[in-house]
Structures are given as C-alpha cells and as structure tokens.
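Undergrad: Quick one: the structure is below, and I'll ask about it shortly.
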Amino acid sequence: MIDLDWPTPMPDAHDIRFMQHALDLARKGISLASPNPTVGCVIVKDGAIVGEGFHQYDWRDHAEIVALKQAREKAAGATLYVTLEPCNHTGRTGPCSDAIVAAGIARVVAAMEDPNPKTQGTGFARLRAAGIEVEAAVLESDAQQLNEGFICWITTHKPFVTLKSALTLDGQLALPKSRANKRHAWITGEESRAEVHRMRHASDAVLTGIGTILADDPLLTDRSGLSRRRRLLRVVLDSKLRLSTKSRIVATADDDLLVFTATALKSAKAKNLQDAGVELVHAKSRAGKLDLRAVIDELARRDILSVLLESGPKLNAAALSAKLVNKLVLFYASKLAGQFTVPFAARLSPSVSHLRIVSFRQFGPDLVIEAIFDHRV
C-alpha cells in the first residue's frame with residue numbers, strides 16, 4: 003500500500019470570509035483583552051450571522067460566550083467561527099467548549115490551536131467527542147500574528163519584545179541638531195508617527211533608556227486615541243538614576259512610570275522621584291549596566307505580554323546581543339544624515355541572530371521593514 007502525501011485542502015471561501023470577520027472582531031479587543039488573548043467569534047446559520055463577539059478582559063465573558071448569548075436558540079445547528087481554540091478549563095470563567103456543546107453548535111471552525119498548556123488541543127478534542135465537526139488552521143498565520151504577545155508569554159513566560167527604530171537611509175537614528183532646535187528633528191513623517199502610536203496602543207509597555215530621555219525628553223505615551231484597559235506602562239532603564247523630576251515623562255507620571263536602577267532606593271534623589279509618582283525597582287547590574295534579562299523577567303511577572311523597545315544605540319545593541327528581541331520594525335525615511343550622528347546599534351555583537359523578513363510597507367514617504375528573529379538558528 004502506498005501512502006500519498008495529499009495536500010491540505012483549501013478552506014472554503016465562506017469559511018475564509020467569516021473567519022476574516024472574526025479576526026476583525028478580535029482586533030477590537032487589542033489593549034482590552036490583555037493579559038488574555040484577543041479573540042473574535044462569529045456564529046453563522048443558513049449563511050447569516052446570528053451572533054458575534056470579541057473578548058474584553060473586564061467583561062469576563064470570552065468571545066464565544068458573547069456570541070452564544072447573542073445567538074440564543076439560533077445557535078443550534080449553526081457554525082461557530084473563532085480565532086482561537088475554545089478553552090477547555092475553568093479559570094475566571096467556565097470552559098467555552100462545554101458552552102458550545104450545550105448550545106447545540108454543529109460545526110466549529112478555528113484559526114489556531116490555543117498555545118496555553120491548560121487547553122492546547124483539548125478544546126478541539128472535547129468538541130469532537132461531542133460529535134461536533136471541527137476544522138482548524140483557517141487563516142492561522144493571521145491569528146498567530148494577532149496574538150504574538152500572548153503566545154510568547156504563555157509558552158516562554160517572557161513578553162514579546164518588538165524593537166522599533168526610525169532611521170535615515172544612511173543608518174542613523176537622528177538628524178544633526180540645529181542651533182535653533184536643541185532636540186533632534188523628526189526623521190519620519192506624520193503617517194509613520196501615527197503608526198508608532200498604533201504600535202504603542204497594541205503594546206502593554208514601552209521601554210527605553212535614560213540616554214533617550216536625556217537627549218529627546220519624550221513622553222512615550224499612547225496617543226492613538228483608542229481605548230485601552232490598563233495604562234501603557236512606560237519603563238526607563240536608569241542605572242545611575244539621572245532621571246530629572248522636571249522631565250516630561252516624570253511630569254506626566256500617573257501610576258504608569260516604572261524605572262529600573264542600580265542606585266540605592268533610600269537616596270534623596272530616589273525619594274524625590276517616588277514623591278513625583280515614579281515607581282522605582284532596584285535591579286542587578288554588571289559593569290554599570292542593568293541586567294536586561296532581570297528587567298524582562300520582572301515585566302513578565304507583572305503580566306506584561308508585549309514590550310515596544312524605543313531606545314538609542316546602546317540599549318538597542320544590548321537587547322539584540324542578549325537575544326531578547328523577537329521582532330524588528332525599522333522605519334526608513336528618505337533622508338540622509340550626512341554624518342555619523344546616532345547609529346542604530348553601538349558595539350553590536352557580530353552574528354546576533356537570523357532574521358526572516360515578513361513585510362515591506364509604506365507610510366507616506368517612509369518605507370517600513372518588519373522582520374522576525376529566529377534565535378534557534
């Protein structure tokens with residue numbers, strides 16, 4: 003007998019269309035579902051949507067439950083499209099798999115398996131055991147990209163780190179300062195800066211070094227105009243505690259500013275910052291540099307699923323050399339610095355890791371390259 007390796011059948015066009023709608027619903031949960039995954043669900047009967055929903059952490063109900071409550075008795079015999087395998091364990095809520103079975107759903111189409119060991123594969127098994135037809139991996143890569151932070155956090159116990167930088171075509175992070183303007187001029191255009199705020203909105207924390215704060219005095223806030231469940235945590239690495247209470251990031255601190263330092267927390271400078279609303283954490287250091295792995299571990303302990311790294315050449319190099327970066331997003335402006343000003347990464351270790359470019363996009367006049375690291379190679 004000859005075993006033939008038949009290709010996986012292509013999903014039905016209707017399945018793709020309704021799963022795309024479920025993914026659109028899931029995206030509404032960005033910054034609202036964390037530390038849970040973002041999930042969307044659509045229930046379809048006789049070609050018409052009879053129930054839909056997405057997950058918000060404060061709502062407690064998972065996307066499937068929101069959609070089932072809307073569909074009510076129409077759920078019987080229907081097809082349920084969901085972007086993540088239905089949970090099969092009791093946490094803050096009961097198992098969604100049991101609710102799907104009880105509602106009489108006939109078929110479940112899922113985008114991806116749940117990476118959470120508590121559910122992984124068992125949700126599908128529960129549904130199949132109840133006689134429900136299950137089809138998985140429909141638009142799987144889209145669903146995985148949507149939940150890259152949750153996947154990383156639940157499988158490695160570390161947040162997903164994205165390093166974002168804006169560069170000139172000759173590889174500099176800043177244009178020369180002018181006499182009139184002591185701050186570095188914007189490199190990229192308005193469209194790119196709007197995209198950066200979208201990236202901040204999709205992140206649980208933004209991380210930078212004291213060098214960037216001293217050079218540019220940034221706010222590092224989420225100014226996307228979109229709702230979020232918890233504030234964007236602004237994190238600064240400042241081994242010698244040089245952060246000024248007059249800086250804009252301190253002046254706007256409201257339980258959202260965390261500073262890691264190697265300086266004693268009982269100093270007068272530390273007390274002044276704490277009185278200004280800054281939370282200080284003492285971190286290990288080597289040769290005057292903070293232990294980045296300890297920083298990442300502490301953020302993971304605080305249920306930070308995703309970190310956006312917006313920093314200068316020293317911290318960029320340190321994070322890349324330590325292989326703590328999962329994704330690289332580079333905004334290239336059609337400008338030349340014309341001189342060696344601020345390089346992308348200073349003293350970067352050779353052969354950091356292998357990269358897989360996943361997209362080229364354009365925002366206004368700027369080209370954006372997005373790449374994923376494969377630290378296993």
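Residue numbering for the sequence shown follows the numbering used here, beginning at 3 and increasing consecutively. In this text, a Cβ means the ideal position worked out from N, Cα and C, and glycines have one as well.
Classify ILE359: buried if its beta carbon has 16 or more other beta carbons within 10 angstroms, exposed otherwise.
TA: Answer is exposed; the Cβ neighbour count stays below 16.
Undergrad: Kindly indicate which residue of ASN274, SER143, LEU326, ARG94 has the alpha-carbon position closest to the one of PRO37.
TA: Checked all of ASN274, SER143, LEU326, ARG94; the closest Cα to PRO37 is ARG94.
Undergrad: Per DSSP, what kind of secondary structure is PRO345 in: helix, strand or coil?
TA: Correct three-state label for PRO345: strand.
Undergrad: Excluding the five sequence neighbours on either side, which residues of its own chain have a C-beta within less than 6 angstroms of the C-beta of ALA348, listed in chain order?
TA: Same-chain partners within the cutoff: PRO315, LYS316, ALA319.
Undergrad: Does DSSP classify LEU169 as helix, strand or coil?
TA: Note: LEU169 maps to strand in three-state DSSP.
Undergrad: Roughly how many whole angstroms lie between the Cα atoms of VAL261 and ARG250?
TA: If I take the Cα positions, the gap works out to 14 angstroms.
Undergrad: Can you tell me which residues form a DSSP beta bridge with TYR83?
TA: BP columns for TYR83 point to VAL44, VAL111.
Undergrad: For SER249, which three-state DSSP category applies?
TA: If DSSP states are grouped into helix, strand and coil, SER249 belongs with coil.
Undergrad: Note down the Cα distance separating GLY279 from PHE152, rounded to an integer number of angstroms.
TA: Taking the straight line joining both Cα atoms gives about 29 angstroms.
Undergrad: Under a three-way DSSP split, which group does ALA15 fall into?
TA: In this structure, ALA15 counts as helix in the three-state DSSP scheme.
Undergrad: With a CB to CB cut of under 8 angstroms and the five nearest residues on each side skipped, what residues in its chain are close to GLU87?
TA: Around GLU87: ALA112, MET114, GLU115, ASP116, THR121, GLN122, GLY123, GLY125, PHE126, ALA138.
Undergrad: At 4 residues or longer, and completely inside the stretch 236 to 316: list those alpha helix (DSSP H) runs for me, N to C.
TA: Those alpha helix (DSSP H) runs which fall completely within the stretch 236 to 316 and span 4+ residues are 250 to 253, 270 to 277, 294 to 303.
Undergrad: Leaving out five residues before and five after LEU221 in sequence, what residues of the same chain have Cβ atoms less than 7 angstroms from its Cβ?
TA: Counting only Cβ-Cβ distances below 7 angstroms, and skipping sequence neighbours, we find ARG250, ILE251, THR254.
Undergrad: Take the Cβ of GLU66 as the centre, count every other Cβ of all protein chains shown within 10 Å, and call the residue buried at 16 or more, exposed below.
TA: Label assigned to GLU66: buried.
Undergrad: Using the rule of at least 16 other Cβ atoms within 10 Å of the residue's Cβ for burial, across every protein chain shown, is LEU338 buried or exposed?
TA: Per the 10 Å Cβ criterion, exposed.
Undergrad: Based on Cα-Cα distance, which residue from PHE365, SER361, GLY133, VAL283 lies nearest to ILE374?
TA: For ILE374, the nearest C-alpha among the options comes from SER361.
Undergrad: What alpha helix (DSSP H) runs, 4 residues minimum, are completely inside the stretch 91 to 163?
TA: For the stretch 91 to 163, whole alpha helix (DSSP H) runs of length 4 or above, ordered along the chain, are 98 to 105, 124 to 131, 142 to 148, 150 to 158.
Undergrad: If you count every other CB in all the chains shown that lies within 10 Å of the CB of THR81, and 16 or more means buried, which is it?
TA: Buried: at least 16 other Cβ atoms inside 10 Å.
Undergrad: If we ignore side chains and look at the alpha-carbon of each, how far apart do ALA204 and SER33 end up?
TA: Distance between the alpha carbons of ALA204 and SER33: 6 angstroms.
Undergrad: Buried or exposed: which applies to ARG62, given that a residue is buried once 16 or more other Cβ atoms fall within 10 Å of its Cβ?
TA: Exposed: under 16 other Cβ atoms inside 10 Å.
Undergrad: Rounded to whole angstroms, what's the CA-CA distance from SER99 to ARG29? Just pull it up for me.
TA: If you take the alpha carbons of SER99 and ARG29, they lie about 22 angstroms apart.
Undergrad: Per DSSP, VAL208 forms a beta bridge with which residues?
TA: According to DSSP, VAL208 bridges with ARG236, LEU310.
Undergrad: Which residues does DSSP list as the beta-bridge partners of ASP63?
TA: Paired residues: none, contrary to the question.
Undergrad: Cβ atoms of PRO161 and LEU1: under 8 angstroms apart, would you say?
TA: One cannot answer for residue 1 here, as it falls past the ends of the chain, which runs 3 to 379.
Undergrad: Could you say if the stretch 220 to 239 and the stretch 47 to 55 meet the contact criterion of at least three C-beta pairs nearer than 8 angstroms?
TA: Contact fails: fewer than three Cβ-Cβ distances are below 8 angstroms.
Undergrad: Mapping DSSP to helix, strand and coil, what is LEU216?
TA: Helix at LEU216.
Undergrad: Take ALA328 and list the residues in its own chain whose beta-carbon comes closer than 8 angstroms to its own, dropping the five residues that flank it on each side.
TA: It should be noted that the sequence gives Asn, not Ala, for residue 328. GLU150, CYS154, PHE162, VAL163, THR164, ILE374, PHE375.
Undergrad: Where does PHE346 land, buried or exposed, given buried means 16+ other C-beta within 10 angstroms?
TA: Result: buried.
Undergrad: Answer with buried or exposed for PRO39, where buried requires no fewer than 16 other C-beta atoms within 10 angstroms of its C-beta.
TA: Buried is the call here.
Undergrad: Using three-state DSSP, classify ASP26 as helix, strand or coil.
TA: Three-state result, ASP26: helix.
Undergrad: Which residue marks the beginning of the beta strand (DSSP E) containing HIS356, and which one marks its end?
TA: Where HIS356 is concerned, the enclosing beta strand (DSSP E) stretches over 356 to 365.
Undergrad: State the DSSP-derived secondary structure class of GLN174, mapped to helix, strand or coil.
TA: Residue state, collapsed to three classes: strand.
Undergrad: Which residue comes first and which comes last in the beta strand (DSSP E) that contains ALA196?
TA: Taken as a continuous stretch (DSSP letters only), ALA196 belongs to no beta strand (DSSP E), being part of the alpha helix (DSSP H) at 192 to 203.
Undergrad: Give me the Cα-Cα distance between HIS91 and ALA101, rounded to the nearest whole angstrom.
TA: In a straight line, the C-alpha of HIS91 is about 12 angstroms away from that of ALA101.
Undergrad: Can you pull the DSSP bridge partners for ILE20?
TA: A small correction: the amino acid at residue 20 is Phe; Ile does not occupy that position in the sequence shown. Answer is none; PHE20 lacks a bridge partner.
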